[in-house]
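Peer 1: Would you mind keeping the following structure in view while I ask a few things?
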Amino acid sequence: MATEAVRSQVTAKWQYAFSRLNRDQPGITGLLTFSQAWMLATEMLRPKDLTSPESMTEYNMDNFRAAVAMLNRCHRLPALLETFLDNLRKAFHLIEREVQEHMTEYERTSETAIINRLLQRILQWYKAWAPPQDLGPTCLSAYTLNFQTNLFSILPSTFPTAFQSLCVSTLPSADPLVSIDHVTSSEPFWSAAEALGLMDRYDSIIASVGYEHIEAHVLSTCTGQWERSMLSDLRSWMADKVIPWMLVTYARNAQTPEEVRHLLQGVGSRFEFHMNKTLCDLRTREIFDIIIDFPDSMGALHDLKECLQRVDQRAALVQSLRRANRKRLLHPGADTKLILSQYVATIKCLRIVDPPGVLLFKVADPIRRYLRGRPDTIRCIVSNLVGDDENGDSLVDENEPIQPLQNVDVDDYSDPNWEPEPIDAGPEFRTNKPSDIITTLVSIYDSKDLFVKELQVLLAQRLLAVTDNDIEKIEKERRNIEILKIRFGEAALQVCEVMLKDMSDSKRMDTHVQVQKSSVVHPTVISRHFWPTLKTSHLKMPGQFQALQEEYAQEFNVFKPDKKLRWLPQLGTVHLELELEDRKVDVKVPPLEAAFIELFSQKPVWSMDELIEAVGSVDRSAALKALITWVDLEVLKEDAEDTFRLLEVSEESPDVPRERRAVVVSEDVPPVASAQQQQAERMKIYWKFIEGMLTNLGPLPLDRIQSMLRIVPGYDQTVEQLSMFLEAARREGLLLVRDGLWKLNR
Amino acid sequence: MKVTVKHWHAVAQWRWDTGSDADNTHPTNNEEEEGDVCGICRVPFEGCCPSCRMPGDDCPLIWGECTHIFHMHCLLKWIGTAASKQQCPMDRRPWVTAERRV
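Residue numbers (the numbering used here), protein chains in the order written: chain Z, 1 to 746; chain B, 1001 to 1102.
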């Protein structure tokens, strides 16, 4: 039930609306002309089916303009636009039908041209339905927005993939013969895509097409190509192939070079970054093999260096290399020599990639720790130092100047060229002044003493192996020692000097003695205390050997009246000629072998125990080895177990070829105790003390034992060494350990 | 069988003939034994005195009539000091260098 007030309000509104539409025309003529204009305008704007003939209808633009002007006067343009957009929505099923048709066809054939056709067709629809310019830009943009919204809502989920493959098809081909025209020919497609708003919507798809293209190219051209720097090639490839594509994709409408530059700036640098990153990732994955290939992989290393400056992948590089090292290098299957040479190559490579050495420091740490745990690392390094490597390359670069070992230097505060540590350096990082390889290797261990010890042992072995006083070999050793003196310092190698002097003195002495009284014995006379501990033995040379020794010792005594000789019969070599009934055997053998055969010349059959008895006491296994040497030479024969008989007449049985024993006739046991054994020897001195304190004081912890031992003069062992020794004693059943307390096993 | 030695590359250590182990009959017994040390520098005779680098003829021993033996350089240095009063540092008897009984 309407009240009076409501009624009058409605009346007023009605009057107002009517007068606005009627525009003060007489009667309702104004209203009639308005409705004609409305009909005309809506009919003209109505989206029409392109496939039906009605779309061909031509309209008189003047009439339309007049109608619009009238509507505008009546303030009905917004309503007109609304109606138009509503009609647009209603008519969109026409486009949807075509989209579906095309997509079905595409899914059947996977032909990207169909998608291209579809885009062109949609563009046609878009243009046909667009309102005339007269309605103003607001109307046009509202239309565009609505059209795109509707379009996006009807595009099936398969469309982005299809669009992507269409983008891919526009890329320049890898085939250099296909001209660049292919790229420019795709321009209509890009224009259509842009007009339909697909560029913005599928921006990431287009970019990913570019990224994947670059990635594929980098991977296909650079994988395994390390000799040459690839970066410049890649850059020119980008300029030749990718930039034209980018131009047509992103900067079609640019008029001036400045505009092009502006448009391409963002995307261009993204693409270039991606190229660098892809290459960097690739090289990071390959780094281990690149290092193996060094120095044939210089190109790759320089590329990596350059890429790392653009791409922050340093941590990834370290991770990757550490992982590769752990997997491929630092395992029991790898030879120490191999690990060392790979370590040296790593040092050289990473110095190229990262001169401050932060990467190297991070990568080297696990290698160094692993090497420290290997028993033969020092031996390997030292034998390399003295050029003992029969097979292959020295770790040390010959061109590298020989210089003293450098100490880890503390920060020099007065250095005007001081630079702060690189930003990703860890707290442990020490600024590696470009020190030489040897310094780096030696610094694996805390002190160089271990190296010097090992060096002495090695030198002793080599010098004792020199027969006939071969001057050349000794000279070579002397040269080596001179070089090493520069590195390790004069004092450290004093002992080696004495050893070399012993060699030349022996030679001189021998020449003199030979003149006085010729002898087949040519001894090397060494200075005790200056040579590493030599393996002790109680070998006593029998028969003519002892006579020879005594004879020579006497001559020596005449030459050097205040000195005596003490023979070390287990060392050296003897050149023998055996005259058997039917043959002669000419051999060079170690002394023990010689001693045995001398015994056989006294009596043809010996048992093993008799033999050992006759030469003093020697190791049973050593004795067996010596006897087997003769058995292999077919001079002796094992009749019964442990009983050997001299074969005066050889027992050749041609039809049964003799099986060679597996035991190799060679001096494979080094005559000089290794540094490790010497260490154990030294420790034995302290065993009495340990035994005493454990007896008197009962069970003791390790620290306590160490602190008590410190009182002993000359005790210089670390806790670790002591602990190793105690552990060894425990294995031998001398000690027991419970709850960290050591006690005697009684 | 006849065994002929054509060449023997042997290895030996030299020792000063200090007379203490003159009996060469048991060479194995004192093989392990650390040799005697110089009473002044406490370095073995076969080593060298603190001012020398090469052992042996470059750093010889000196025998006293009191039977004490030292590195020659060590003793000469001692005798050179005023406090020594030309005495043997071991027994304080006047130092007389013994003729070597060769």
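All residues carry an ideal CB built from backbone N, CA and C; glycine is no exception.
With 16 as the cutoff for other CB atoms within 10 Å, does Ala69 (chain Z) come out buried or exposed?
Peer 2: That one is exposed.
Peer 1: Please confirm if Leu697 (chain Z) has its CB atom under 8 Å from at least one CB of chain B.
Peer 2: False, the Cβ-Cβ gap to chain B never drops below 8 Å.
Peer 1: Kindly list, in the order they appear in chain B, the residues whose Cβ is closer than 7 Å to that of Lys501 (chain Z).
Peer 2: Those are Met1054, listed as they occur along chain B.
Peer 1: Return the chain-ordered list of same chain residues with a C-beta closer than 7 Å to the C-beta of Glu593 (chain Z), the five sequence neighbours on each side being excluded.
Peer 2: Only Ala626, Thr629 and Trp630 meet the Cβ criterion.
Peer 1: Would you call the CB atoms of Val618 (chain Z) and Ile612 (chain Z) closer than 8 Å?
Peer 2: A contact, by the Cβ cut-off of 8 Å.
Peer 1: To test your reading of the DSSP string, which unbroken alpha helix (DSSP H) runs of 4 or more residues are found completely within the stretch 588 to 651 of chain Z?
Peer 2: Entirely contained in the stretch 588 to 651 of chain Z, the alpha helix (DSSP H) runs reaching 4 residues are, in chain order, 591 to 602, 608 to 614 and 620 to 632.
Peer 1: May I ask you to check if the CB of Val1037 (chain B) is nearer than 7 Å to at least one heavy atom of the ligand COA?
Peer 2: With respect to small molecules bound, the structure shown includes none, and the ligand COA cannot be examined in it.
Peer 1: Please confirm whether Leu360 (chain Z) and Leu371 (chain Z) have their CB atoms less than 8 Å apart.
Peer 2: No, the Cβ-Cβ distance between Leu360 (chain Z) and Leu371 (chain Z) is not below 8 Å.
Peer 1: Give the range of the beta strand (DSSP E) segment to which Arg566 (chain Z) is assigned.
Peer 2: Per DSSP, Arg566 (chain Z) belongs to the beta strand (DSSP E) from Lys563 to Glu579.
Peer 1: In whole angstroms, give me the CA-to-CA distance for Ala345 (chain Z) and Met298 (chain Z).
Peer 2: So the two alpha carbons sit approximately 12 Å from each other.
Peer 1: Taking contact to mean 3 or more Cβ pairs, one atom from each stretch, closer than 8 Å, check whether the stretch 96 to 115 of chain Z and the stretch 78 to 88 of chain Z are in contact.
Peer 2: Too few Cβ pairs lie closer than 8 Å, so no.
Peer 1: Leaving out the 5 sequence neighbours to the left and right, which residues in its chain are closer than 6 Å to Arg374 (chain Z) when beta-carbon positions are compared?
Peer 2: Answer for Arg374 (chain Z): Thr336, listed in chain order.
Peer 1: Give every residue of the same chain whose Cβ lies closer than 7 Å to the Cβ of Arg252 (chain Z), excluding the five residues on either side of it in the sequence, and list them in chain order.
Peer 2: Cβ neighbours of Arg252 (chain Z) beyond the five flanking positions: Glu187, Trp190 and Ser191.
Peer 1: Measure the CB-CB distance between Met503 (chain Z) and Leu463 (chain Z) and report whether it falls below 8 Å.
Peer 2: The answer is yes: Cβ separation under 8 Å.
Peer 1: Just tell me which of Z:Gln15, Z:Ser220 and Z:Cys280 has its CA closest to the CA of Glu306 (chain Z).
Peer 2: Considering only alpha carbons, the answer is Z:Cys280.
Peer 1: How should Trp14 (chain Z) be labelled, buried or exposed, when 16 other C-beta atoms within 10 angstroms of its C-beta is the threshold for buried?
Peer 2: With fewer than 16 other Cβ atoms within 10 Å, it is exposed.
Peer 1: Could you check where the alpha helix (DSSP H) with Phe64 (chain Z) kicks off and where it finishes?
Peer 2: Element bounds for Phe64 (chain Z): Met61 to Arg73.
Peer 1: Can you tell me which of B:Val1037, B:Pro1055, B:Thr1081 and B:Cys1088 puts its alpha carbon nearest to the alpha carbon of Thr1018 (chain B)?
Peer 2: Ranking B:Val1037, B:Pro1055, B:Thr1081 and B:Cys1088 by Cα distance to Thr1018 (chain B) puts B:Val1037 first.
Peer 1: Going by alpha carbons, who is nearest to Ile597 (chain Z) out of Z:Glu727, Z:Arg479, Z:Leu576 and Z:Thr3?
Peer 2: Here the closest residue by C-alpha is Z:Leu576.
Peer 1: Out of Z:Asn745, Z:Leu308 and Z:Phe488, state which residue places its alpha-carbon closest to the alpha-carbon of Ala729 (chain Z).
Peer 2: For Ala729 (chain Z), the nearest C-alpha among the options comes from Z:Asn745.
Peer 1: Can you name the residues of chain B whose CB is closer than 7 Å to the CB of Ile612 (chain Z)?
Peer 2: Under the 7 Å cutoff, chain B gives no residues; its nearest Cβ is about 15 Å from Ile612 (chain Z).
Peer 1: So, Gly1039 (chain B) versus Met1090 (chain B), is the Cβ gap smaller than 8 Å?
Peer 2: Yes, these two residues count as a Cβ contact at 8 Å.
Peer 1: Which of helix, strand or coil does DSSP assign to Gly1064 (chain B)?
Peer 2: Gly1064 (chain B): strand per DSSP, three-state reduction.
Peer 1: Mind checking Glu454 (chain Z): buried by the 16 CB within 10 Å criterion, or exposed?
Peer 2: Burial call: buried.
Peer 1: Any Cβ of chain Z within less than 8 Å of the Cβ of His1007 (chain B)?
Peer 2: So yes, His1007 (chain B) belongs to the interface.
Peer 1: Take the Cβ of Pro172 (chain Z) as the centre, count every other Cβ of all protein chains shown within 10 Å, and call the residue buried at 16 or more, exposed below.
Peer 2: The residue is buried, with at least 16 neighbouring Cβ atoms inside 10 Å.
Peer 1: Give a yes or no on whether the C-beta atoms belonging to Gly570 (chain Z) and Leu539 (chain Z) are separated by under 8 Å.
Peer 2: The displayed chain sequence assigns Gln, not Gly, to residue 570 (chain Z). Yes, these two residues count as a Cβ contact at 8 Å.
Peer 1: From Arg658 (chain Z) to Val589 (chain Z), what distance separates their C-alpha atoms?
Peer 2: Low confidence applies to Arg658 (chain Z): its pLDDT is 47, below 50, so where it sits in the model is not reliable, and the reading given next is rough at best. Each residue's alpha carbon lies about 21 Å from the other.
Peer 1: Find the residues of chain Z that neighbour Glu1046 (chain B), judging by a C-beta separation of less than 9 Å, and give them in chain order.
Peer 2: By Cβ distance, chain Z contributes Ser527, Arg528, His529 and Phe530.
Peer 1: Closer than 9 Å by beta-carbon distance: list the chain B residues that pair up with Leu736 (chain Z), in chain order.
Peer 2: Correct list: empty, because the minimum Cβ distance to chain B is about 30 Å.
Peer 1: Checking 8 Å against the spacing of the C-beta atoms, do Leu500 (chain Z) and Val525 (chain Z) come in under that value?
Peer 2: Not in contact: Leu500 (chain Z) and Val525 (chain Z) (Cβ atoms no closer than 8 Å).
Peer 1: Rounding to the nearest angstrom, what Cα-Cα distance links Thr1028 (chain B) and Trp742 (chain Z) in this structure?
Peer 2: Residue confidence is low: Thr1028 (chain B) scores 41 on pLDDT, short of 50, so the model does not pin down where it sits. Its coordinate-derived value is still stated next. Their backbone Cα atoms lie some 36 Å apart in a straight line.
Peer 1: Note the first and the last residue of the continuous beta strand (DSSP E) segment covering His1071 (chain B).
Peer 2: That run of the beta strand (DSSP E) goes Ile1069 to His1071.
Peer 1: What span of residues does the alpha helix (DSSP H) with Thr83 (chain Z) cover, start to end?
Peer 2: Thr83 (chain Z) -> alpha helix (DSSP H) spans Leu77 to Thr109.
Peer 1: Can you find the residues in the same chain that come closer than 8 Å, C-beta to C-beta, to Leu624 (chain Z), ignoring five residues on each side of it along the sequence?
Peer 2: Excluding sequence neighbours, Leu624 (chain Z) sits near Met608.
Peer 1: Which residue marks the beginning of the beta strand (DSSP E) containing Arg368 (chain Z), and which one marks its end?
Peer 2: That residue, Arg368 (chain Z), is in no beta strand (DSSP E); its alpha helix (DSSP H) goes Val358 to Gly373.
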